[in-house]
Amino acid sequence: MSAAIDTEVLVRVIVRAPTAATQCAAAKCVVAEASASGEPLLITLRALLETKGVLRSRYKFDRASMTAAVIAMLETPGIEFEQAPTVEEALYLFEQVPPADFEDCLLVARATRLGRDRFLIFDAGAAKLPRA
Numbered sequence: 077m078s079a080a081i082d083t084e085v086l087v088r089v090i091v092r093a094p095t096a097a098t099q100c101a102a103a104k105c106v107v108a109e110a111s112a113s114g115e116p117l118l119i120t121l122r123a124l125l126e127t128k129g130v131l132r133s134r135y136k137f138d139r140a141s142m143t144a145a146v147i148a149m150l151e152t153p154g155i156e157f158e159q160a161p162t163v164e165e166a167l168y169l170f171e172q173v174p175p176a177d178f179e180d181c182l183l184v185a186r187a188t189r190l191g192r193d194r195f196l197i198f199d200a201g202a203a204k205l206p207r208a
């Protein structure tokens, strides 16, 4: 079975919310099954961005916690990312340019991977990114 993972499932994999213990266990089971079957679950870029938003707003993840969560997902057997090299580059930019949001780092990284020399943006924090 090949499947993509929804934001809510992804959040349950990352956050062990006591109020959603059953869902957390089910999400972790699905990831383990995907790893065992050799057909990893796909995290789309959109689901990643939505997850980042939930982790920051609802669970108050800071930059370091957000970075650690994405790195952990990148290293988790049973999970693969749409455009993994873009996600890795975005993480690097996110760590190197503190004023930039992860979303902007992902957009700049994606534009670069699509062969664009520059990314035009008005956001002052994102403007500090290379090629922005």
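For the sequence shown, my numbering begins at 77 and goes up steadily by one. Backbone N, C-alpha and C fix where the C-beta goes; we use that ideal spot for every residue, glycine too. Predicted, not measured: the structure shown is a model, and the values here were computed from it.
Simplified DSSP state of residue i, which is helix, strand or coil
i	result
residue 80	strand
residue 198	coil
residue 171	helix
residue 89	helix
Residue span of the alpha helix (DSSP H) that contains residue i, given as start and end
i	result
residue 179	178-189
residue 109	97-113
residue 150	139-150
Buried versus exposed, by CB contacts within 10 Å (16 or more), residue i
i	result
residue 213	The question about residue 213 has no answer, for the chain in this structure spans 77 to 208.
residue 198	exposed
residue 154	buried
Same chain, Cβ closer than 7 Å to residue i, five either side skipped, listed in chain order
i	result
residue 135	91
residue 89	103, 104, 107
Segment limits, beta strand (DSSP E) that includes residue i
i	result
residue 118	117-119
residue 156	155-157
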